[in-house]
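Numbering (UniProt numbering), first residue to last: 1 to 386.
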Amino acid sequence: MACQDLVYHEPLKMTPSTPDIVPSDVLWENLAHSRPQLLVRKWVSSLLCAGVVLLYTIPVSFASMLAQLDKLARTYPWLAWLDDLGPVSVAIIQGVLPPLLVGIMLVMIPPLIRKLAALQGVLTGRARETLVQSWYFAFLFVQCFLVVTVSGGLSAFFSELASEPGQAVNNLSKSLPKAANYFFSYLTVQALSSSASALLQVGSLGDWLLLGPAVDSTPRQKWKRQEKLGEVRWGTMFPPLSNIATIGIVYSVIAPLMLIFMTFIFSLFWVVYRYNVLYVYRYDSDYGGLMFPTAVHQLFTGLYVLEACLAAYFFTVTSASGHLLCVPQGVIMSLSLLATGFFQWRMLLETSQKIRSNEVQDKVEIARQTLQRLNMIRVSLTEVVS
C-alpha cells in the first residue's frame with residue numbers, strides 16, 4: 001500500500017521496488033544499467049521484437065499457401081504436376097503439412113523473444129516472462145491468424161488498414177470463412193502435438209535416459225537428476241492457449257463448428273496441464289497471478305476482430321437492386337465494438353494497480369485474521385482462569 005501513497009519532491013529519486021523475490025530469479029547483469037540505458041534498451045528491444053513478428057511473415061505465408069495447393073495448381077500451369085499425385089495425396093499435404101511446418105518454425109521463437117526481453121533490462125525472470133507473454137502472443141496472433149487469413153499479404157493489409165480501414169476490415173471478413181478449414185486442422189494438430197509433448201516430456205526423458213548416465217558420476221548428481229522436476233516457463237505457456245482461444249472466439253459465429261473443436265481442445269488441455277501442474281512442474285518463483293489477467297485481456301483481441309468483421313458483413317449485405325439490407329445490425333455490432341473497448345478500458349483502470357497490490361493486501365488480511373485468532377485465544381484463556 002505504501003508503494004502507491006509514498007511520493008518524493010524531487011524527480012528520478014524513487015525507483016520501483018520488487019519485493020519477495022528469489023535470488024536465483026534476479027537477472028544480475030541488468031542491475032547496473034542507468035535510466036537512459038534502460039530507455040534505449042526498451043526501444044531497441046521493442047523494435048527487434050516487432051521486426052521478428054513482421055519478418056516471420058515470409059515463411060509463414062509460404063506454409064499457408066500450401067493449404068491451397070489445389071487452387072494454385074489450377075491457377076499456375078507450372079504446378080500442374082500436382083494433379084498427378086491424386087486428390088487424396090493433395091488433401092493430405094494441404095491438411096497436415098502447413099500446420100506441421102508452422103509448428104516447427106514456432107519452436108525457434110520463444111528462446112529468441114526471451115533473449116530480446118532480457119535485453120530490455122528487466123531485473124527479474126518474472127518481469128521477463130511477463131514481457132515474453134505479451135510479445136509471444138502478438139507474434140502468434142499475427143503469424144498464425146492474420147498471415148493465414150489475409151490472402152493479399154500482411155504488408156498490403158496494414159497499408160490498407162492505415163488508408164482505408166473499412167475496406168481492410170471488409171476484406172478480412174471475406175477471408176475468414178475461406179481459412180476456416182485450415183484452422184480446423186491447425187488447432188487440432190496443435191492440441192494433439194502439444195498435449196503429447198507435454199505428457200511425454202521428450203527433453204526431460206532424453207536428459208534422464210541419455211545425458212544422466214553419461215555425465216553424472218557421483219551419487220549426489222544422480223540423486224539430483226532423479227528428484228529435480230522441470231521448471232515451467234509461464235511466458236511461453238500462456239500465449240499458445242490464449243491464441244487458440246482467440247481464434248475460437250473469432251470463428252464462434254462465422255463457423256460455429258469451431259465451438260465443438262474448442263470444447264475438445266480445451267478439455268484435452270485441462271487434463272494434460274492439470275496433471276503436469278500437480279506432478280511434473282516446479283516453481284522457483286511466484287508470479288503473483290499476473291499471467292492470468294494478461295491472458296484475459298489478450299482474449300479481447302478475438303472479440304474485437306469478431307465484432308469488426310460482423311459489422312463489415314452487415315454493412316455490405318445488399319439486395320438485388322443494390323440497397324443495403326442490414327444497416328441496423330451493422331450499427332448494433334459497431335456499438336458492441338465500442339462497448340467492448342470501453343469495458344476493457346474500465347477493467348484496466350480498475351484492476352491494473354489492485355492486481356499488483358494483492359500480495360500486500362493478502363498479507364494485511366492474514367495478519368488481521370491471525371490477530372483476531374490470538375485475541376479469541378486470549379479471551380478463552382482469561383475465561384478459563386477466572
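Idealized CB from N, CA, C, for every residue including glycine.
Under the rule that 16 or more other beta-carbon atoms within 10 Å means buried, what is residue 444, buried or exposed? Because the chain is modelled from 1 through 386, residue 444 falls outside the range shown and cannot be assessed.
Can you list, in chain order, the residues of its chain with a C-beta nearer than 8 Å to that of P177? Leave out the 5 residues immediately preceding and following it. I254, A255
Considering only the alpha carbon of each residue, which of R35, L38, W43, L100 lies closest to F62? L100
Can you tell me whether W208 is buried or exposed? The criterion is at least 16 other CB atoms within 10 Å of its CB, across all chains shown. exposed
Could you name the residues of the same chain whose beta carbon sits closer than 7 Å to that of I249, not counting the 5 residues immediately before and after it, in chain order? L299, G302, L303, L306
Among Q344, G121, C309, A320, the one whose alpha carbon lies nearest that of G330: C309
Cα separation between G322 and S46? 47 Å
When T236, F314, S336, D286 are compared against I113, the one with the closest alpha-carbon: T236
CA-to-CA distance, A295 to P239, given in whole angstroms: 7 Å
DSSP three-state label for R282, please. strand
To which residues does DSSP link V26 through a beta bridge? T124
Burial state of T382 (16 or more Cβ within 10 Å): exposed
By a C-beta neighbour count over all protein chains shown, 10 Å radius and 16 as the cutoff for buried, is residue 389 buried or exposed? The structure shown does not extend to residue 389, since the chain spans only 1 to 386, so no value can be given for it.
G103 and S193 look like a contact to me (Cβ under 8 Å); what is the Cβ gap, rounded to whole Å? 6 Å
How should N375 be labelled, buried or exposed, when 16 other C-beta atoms within 10 angstroms of its C-beta is the threshold for buried? exposed
Would you list the residues sitting across from G230 in a DSSP beta bridge? Y281
Within 8 Å, strictly: CB atoms of S204 and G95: no
What separation, rounded to the nearest whole angstrom, lies between the Cα atoms of F314 and S336? 13 Å
L324 bridges to which residues according to DSSP? T318
To the nearest angstrom, how far is it from the Cα of R346 to the Cα of T340? 10 Å
Report the three-state DSSP secondary structure of A255 (helix, strand or coil). coil
Can you tell me which of the three DSSP states D216 falls into? coil
Can you give me the C-alpha to C-alpha distance between R225 and R41, rounded to a whole angstrom? 37 Å
Ordered along the chain, which non-local residues of its own chain (more than five positions away) have a Cβ less than 7 Å from that of T188? F261
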